[in-house]
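This report refers to the structure that appears directly beneath it.
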Amino acid sequence: MPKRKKTAAEVFDEAEENGWQLIANADVNGDRVSKPIEPGTQLNYDRMTDLWDEYARRNPGVSPYDLRSAKHFMEGIVKDGECLSYAKQKWTAFGAAWKRRPDNRKIPHEVSESVYYYIETELKKKRNLSTERRQPHFMTVPHFIILTKHNWQKDWHQYTHPRSLVQNHAANNLFIYTPSRVGEIFESNMRRGSGRGLLYKDVVFVVFKNEKGEAELAFRATRDAKGFTNKPHKRPQHGVYEDMQPLYANPVLPLLAIALADGAFQDYLTFEEIEAIPPPVDGSLHHLRIRKELHRMPFFQTMSPEGPTGKIQTAASFSSGLVGLGHRAGYEENIRVHDFRREVLVRADDNGYSIAERMKFAGHENSDTFFGSYMPQISTVDGQSSYWGKARRTVYLEGFRGLSLQHHPQMLQSLPAKVEANLKGRADFIALNEEIESLGERIRRLPAGHDGQRERTRREELYWQKRQMVSEELSRWQEIQPRKVNQDTEAETSPVASLPSFFSRVRRLDPPRDRLASSLFLDVPLRSPEGRASLQDMITLCRENPKVAYRPSLRPENGLCPVSACAVEMGSLRLAARWDHIYRCHKASLAAKHGTAELCFECDEWITGKQGWRGHCRHHLNDLESLPVQWNPLTFRQTLAAVGYCGFCLFDPLLPPEVRFRQYTKKPPWQQHLDSHFEGLEGKDGLGEEDGLALASDGSNEIKMMSCPDPRCGLSFNAIVDLQYHAQDTHCYKRTKVSASKRHCHISRSHLRHEDSSIAFTAIPKTDCYDTLPSSVDWWPREAAAPVDLPRPSGSPHLDMSIDPRLSDLGLTNFASAMGLGGSCLSPKRTQSSSGTSPSKAERRGPDAVEAAWPVEQEILPSWPATDATVPKPPSAGSRQRTHTTVSHMADVAMMQTPLETGSAIGQWLDRRARNLPPIGASREDDRTAGDALAFTGDDDKSADLDSDLFPSRCTKPHDTIGSLEPRDVDVDAIFNQYLCSPSASPPPTSSPDDMTSELSGATLCDAGRDPSCGYSELYTKTSKSPAPEMSPESEIARDRDGPCHAANRTCIHLRVGQPKITLRLRLPGRFAPTQKEEG
1 MPKRKKTAAE VFDEAEENGW QLIANADVNG DRVSKPIEPG TQLNYDRMTD
51 LWDEYARRNP GVSPYDLRSA KHFMEGIVKD GECLSYAKQK WTAFGAAWKR
101 RPDNRKIPHE VSESVYYYIE TELKKKRNLS TERRQPHFMT VPHFIILTKH
151 NWQKDWHQYT HPRSLVQNHA ANNLFIYTPS RVGEIFESNM RRGSGRGLLY
201 KDVVFVVFKN EKGEAELAFR ATRDAKGFTN KPHKRPQHGV YEDMQPLYAN
251 PVLPLLAIAL ADGAFQDYLT FEEIEAIPPP VDGSLHHLRI RKELHRMPFF
301 QTMSPEGPTG KIQTAASFSS GLVGLGHRAG YEENIRVHDF RREVLVRADD
351 NGYSIAERMK FAGHENSDTF FGSYMPQIST VDGQSSYWGK ARRTVYLEGF
401 RGLSLQHHPQ MLQSLPAKVE ANLKGRADFI ALNEEIESLG ERIRRLPAGH
451 DGQRERTRRE ELYWQKRQMV SEELSRWQEI QPRKVNQDTE AETSPVASLP
501 SFFSRVRRLD PPRDRLASSL FLDVPLRSPE GRASLQDMIT LCRENPKVAY
551 RPSLRPENGL CPVSACAVEM GSLRLAARWD HIYRCHKASL AAKHGTAELC
601 FECDEWITGK QGWRGHCRHH LNDLESLPVQ WNPLTFRQTL AAVGYCGFCL
651 FDPLLPPEVR FRQYTKKPPW QQHLDSHFEG LEGKDGLGEE DGLALASDGS
701 NEIKMMSCPD PRCGLSFNAI VDLQYHAQDT HCYKRTKVSA SKRHCHISRS
751 HLRHEDSSIA FTAIPKTDCY DTLPSSVDWW PREAAAPVDL PRPSGSPHLD
801 MSIDPRLSDL GLTNFASAMG LGGSCLSPKR TQSSSGTSPS KAERRGPDAV
851 EAAWPVEQEI LPSWPATDAT VPKPPSAGSR QRTHTTVSHM ADVAMMQTPL
901 ETGSAIGQWL DRRARNLPPI GASREDDRTA GDALAFTGDD DKSADLDSDL
951 FPSRCTKPHD TIGSLEPRDV DVDAIFNQYL CSPSASPPPT SSPDDMTSEL
1001 SGATLCDAGR DPSCGYSELY TKTSKSPAPE MSPESEIARD RDGPCHAANR
1051 TCIHLRVGQP KITLRLRLPG RFAPTQKEEG
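For the sequence shown, UniProt numbering gives the first residue as 1, with consecutive numbering after it.
Dropping the structure here:
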């Protein structure tokens, strides 16, 4: 018998039994109820009603039902230059918000419509409202590949947790395979706090039998689509499958990695178990069930340093991350998720799907939505083919859609150093910094209990203004940056390399991502060995976030130091000290067995023995292209990822391989070392003057060029400050001071003296002074190469630098040519201040003069006794004479500060030597005083000072023979033999009885006027016969007493060793009071 329906009385009786009451007692009001809206929409409505309340407070008696009041209200809330559509949207939102208020009635249609058209006409003119709309962008296949490659192979952004890399990749794949909106996968801005998005209950993993009869994975996602909140049963669903190559295009790979990392499957824990599932028979599917406790958990979660938080990631977070990724990849436009959706729907339409299929795919309920909002402006009709009856062509259409996004591989990611310096020097920027500093000082002085909220808020506003100024300046430079297309677009790099080069320098310390950067772009299936390895690496990224990264050569064993004699627990050490502890223990352990041990941070390989390390360094140096472009030490996850190098030493063939390839594990010594190079450049030929320029030596207005020490750059600069900017942009070296005209940051003098005193020449091994670069490299020392000091134990420049005594005559010839060895020193007209600042005037030279690689003062080569020089006689008592030392006849030892021509310099020089001609550029006025030569070191007097009394207990005349050394004196002859002695094939000139000869070293100081073989000595030999009036005996003696090499009543030879050079400082008898016999 069918069930009988209840009567009306029975219905209400049952309701009363369930708690229903009569209207007199019921808790029901007569308020109007509006359509439910999302929380974000409610915030927008509340904003508009708040604006009206403020407007009404300022204008009593106004009403939105009054047309004049409504127009006046809109004039107050619409800004100048605002988008017209946004202004109209404000009025629409206000109307909807007003009628939702209790006791408010809807604004009359005639008022609402009139205000709408008032905005379109009169207000548009008053406020200059813009009618332009943002050009729709299309994420075509080339753009998606560029974005994916940058994400895995180049991106330097450090995420809170590595899982974000996998989640972003998985989301991007979902967006190109399912036309999802960002708020359907992540928590929409309009659904704040709702937790709605893609949850585990909305995803399904299955195994099915594909066309090849093999098992294949598939994934289905149910979108929380817009407009389907109250119709969950109609939400669109999308399926993706495993068979897609290359691996980065496989949507199942990252989705499966996230699920396995979360342990989401009820019956399977590893991919090996899933891979072992046989293909289902009869077309059925094998469902991989999700654990019930995870059904309400979001698939894409917000990350913390410890891992997933269990909270859904917001759409705003993902969108801002996508925009940032696009900018870092080289796109000026903001890339949005709707760009993916737009391209996907256009391709679906091109592929011939029906309108119903496309609407279901897009989640549209109106067929006109696609044509009004997604169709590109370009017509898909091929008019040419249609007219001539040819086959339709569509290949160019995707390219035109792709033009909506402009990719610039070399786009600036940060301001160039010079632009940044100019910005910081602007008055408005300086004013911001001063106010920020003032606020900071005020906050620090606040009494206890005062939060200083007003000051802190103002300071945050100023910081925001600074960021805006930098951002606007960067945008301006990005806009004017050239965009020439190169043949090798993969090798294109940004002019400012600090950020784009980050991942390539640290990738070895992040093995999972390092492997994925290569394996994801292989054309292999997921079930291949490479595919399985990629899946496992993604799972590792999702699960782990190591606070400390370890090199393979410096990994702990079971949490302990791998050196058995140490075995310290790594947990007991600071994070930043762990790698250094293992490094030092390893080095000490290997050094105890093999004498020395070095870790090559480029190869991550330990090299033992001095010869082994030298050979290893030479191997790297012979491969020019493999040498690092960036010089700075770089740390990643508390571990040194890349050591620092000196670009000046690295490409200096005159230095030993181990000196050139010196690795700096700490930043301060590296910074001080490179700073010393630039300080030396500033002291060279006036290049450090305030104008930063140096004129040619002949007094002309020709600007001298300085080259980057890295020959691969091939750039020259007119000022040291420009070279500094280049070093900061390309080589990641930022100097502690901007230019010589600004404040200097010198190391304390006492510290340098202490370090200098520790240098022992006899302990320095004999090593090659230069290492030959590959023959294919056309390289020669550049003018910009800076003076380099001998290194010091504290990490200052150039430890263990020496010169091989086995150099042949040709080798020494090349050595002398490259360094400009000879007697040409500073002009007597040039003065050098005691502070080590640059000379005030460039010295004059001949028209053919070129600049040598380094400023080298008076050089003495004992193996070439034919050096012509003139030494003046001591003056009378109480007078002072500065020795003018010049070199003639020997073209191979005459030093000119000359620009050495690449390749041809040695040939020209040897040719003139064979013809007994003076050096190119030698001048008649090319005479320098020994005092000038010694005053100018190029490195603020940071060279090592060694004193030796070569003239014991008596004064020496020009033609006296140098006597024997006292036992306590330094064996200068031994030093010469060790560093510079080499058989010379040059014929010695005719000696005269007046020549001064050293019996120990064989060095001869000849009287150029008596030597008939001087040749062209008259062109550039000149003696000074007048005392130097600017120096008094008292000031000279006081200066000597201040120096460590003061020796009372003795003539001293002061040996200064800096970057490859040996300088003799002669203090002749005239500098002290002569004996009574000599006075008579």
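Even glycine gets a Cβ: it sits at the ideal position worked out from N, Cα and C.
Just so it is clear, the structure is predicted and the values come from calculations on it, not from any experiment.
Beta-bridge pairing of residue i - partner residues as DSSP gives them
{"i": "threonine 635", "result": "Leu640"}
{"i": "tryptophan 606", "result": "Leu599"}
{"i": "serine 569", "result": "According to the sequence shown, residue 569 is glutamate rather than serine. Paired residues: Leu560."}
{"i": "serine 707", "result": "Ser716"}
{"i": "proline 298", "result": "Leu199"}
{"i": "serine 589", "result": "Looking at the DSSP assignment, serine 589 forms no beta bridge with any residue, so it has no partner."}
{"i": "tyrosine 664", "result": "Gly644"}
Alpha-carbon spacing of residue i relative to residue j, whole angstroms
{"i": "serine 827", "j": "alanine 329", "result": "Note on serine 827: pLDDT 35, under 50, position unreliable in the model; the coordinate value appears next. Taking the straight line from one Cα to the other gives about 54 Å."}
{"i": "threonine 302", "j": "tyrosine 645", "result": "40 Å"}
{"i": "arginine 712", "j": "asparagine 210", "result": "54 Å"}
{"i": "threonine 1021", "j": "leucine 654", "result": "Because threonine 1021 carries a pLDDT of 34, less than 50, the predicted location of this residue cannot be relied on, and no value is offered for it."}
{"i": "alanine 316", "j": "phenylalanine 138", "result": "20 Å"}
{"i": "glutamine 897", "j": "leucine 723", "result": "With a pLDDT of only 35 at glutamine 897, under 50, the local geometry of the prediction cannot be trusted, and the value read off the model is given with reservation. Each residue's Cα considered, the two are about 20 Å apart."}
{"i": "asparagine 25", "j": "glycine 19", "result": "11 Å"}
{"i": "alanine 592", "j": "valine 568", "result": "19 Å"}
{"i": "proline 899", "j": "arginine 515", "result": "Unreliable positioning characterises proline 899 in this predicted model, as indicated by a pLDDT of 37, which lies under 50. The coordinate reading is nonetheless provided below. Cα to Cα, the separation comes out at about 47 Å."}
{"i": "serine 379", "j": "glycine 263", "result": "49 Å"}
{"i": "histidine 338", "j": "glutamate 38", "result": "21 Å"}
{"i": "proline 512", "j": "alanine 642", "result": "19 Å"}
{"i": "leucine 573", "j": "leucine 624", "result": "39 Å"}
Bounding residues of the beta strand (DSSP E) (the contiguous stretch that carries residue i)
{"i": "proline 236", "result": "Counting along the chain, proline 236 falls outside any beta strand (DSSP E), and DSSP gives it neither H nor E."}
{"i": "glutamate 216", "result": "215-222"}
{"i": "proline 556", "result": "Taken as a continuous stretch (DSSP letters only), proline 556 belongs to no beta strand (DSSP E), as it is neither H nor E."}
{"i": "isoleucine 312", "result": "307-312"}
{"i": "residue 1092", "result": "An answer regarding residue 1092 cannot be provided, because it is not within the stretch 1 to 1080 covered by the chain."}
{"i": "lysine 209", "result": "203-209"}
{"i": "histidine 286", "result": "286-288"}
When the options are compared against residue i, the one with the closest alpha-carbon
{"i": "leucine 294", "options": "Glu272, Phe265, Thr302", "result": "Phe265"}
{"i": "lysine 90", "options": "Thr41, Ala215, Leu253", "result": "Thr41"}
{"i": "arginine 101", "options": "Phe138, Asn128, Ser34", "result": "Ser34"}
{"i": "histidine 407", "options": "Glu333, Pro447, Arg637, Glu16", "result": "Glu333"}
{"i": "valine 281", "options": "Val207, Glu38, Ala727", "result": "Val207"}
{"i": "proline 495", "options": "Gln468, Gln630, Val568, Lys6", "result": "Gln630"}
{"i": "arginine 196", "options": "Phe219, Pro108, Lys311", "result": "Lys311"}
{"i": "tyrosine 200", "options": "Asp623, Glu365, Met297, Tyr248", "result": "Met297"}
{"i": "threonine 140", "options": "Gln245, Arg347, Tyr45", "result": "Arg347"}
{"i": "glycine 595", "options": "Lys610, Leu51, Gly307, Pro416", "result": "Lys610"}
Cβ distance (whole Å) where residue i is taken to contact residue j below 8 Å
{"i": "methionine 411", "j": "glutamine 481", "result": "7 Å"}
{"i": "leucine 499", "j": "tryptophan 156", "result": "5 Å"}
{"i": "methionine 74", "j": "valine 115", "result": "6 Å"}
{"i": "tyrosine 374", "j": "arginine 342", "result": "5 Å"}
{"i": "threonine 639", "j": "valine 563", "result": "Not really, about 17 Å apart at Cβ, beyond 8 Å."}
{"i": "leucine 590", "j": "threonine 608", "result": "6 Å"}
{"i": "alanine 215", "j": "isoleucine 290", "result": "19 Å between Cβ atoms; not a contact."}
{"i": "proline 251", "j": "leucine 174", "result": "7 Å"}
{"i": "arginine 543", "j": "alanine 249", "result": "Not really, about 24 Å apart at Cβ, beyond 8 Å."}
Extent of the continuous alpha helix (DSSP H) run through residue i
{"i": "phenylalanine 68", "result": "Phenylalanine is not the amino acid found at residue 68; the sequence shown has arginine there. First-last of the alpha helix (DSSP H) with arginine 68: 67-77."}
{"i": "tryptophan 20", "result": "Looking at the DSSP string, tryptophan 20 is not in any alpha helix (DSSP H), and its letter there is neither H nor E."}
{"i": "glutamine 672", "result": "667-682"}
{"i": "glutamine 453", "result": "453-480"}
{"i": "alanine 171", "result": "163-177"}
{"i": "asparagine 433", "result": "427-444"}
{"i": "histidine 364", "result": "First-last for histidine 364: undefined, no H or E at that position."}
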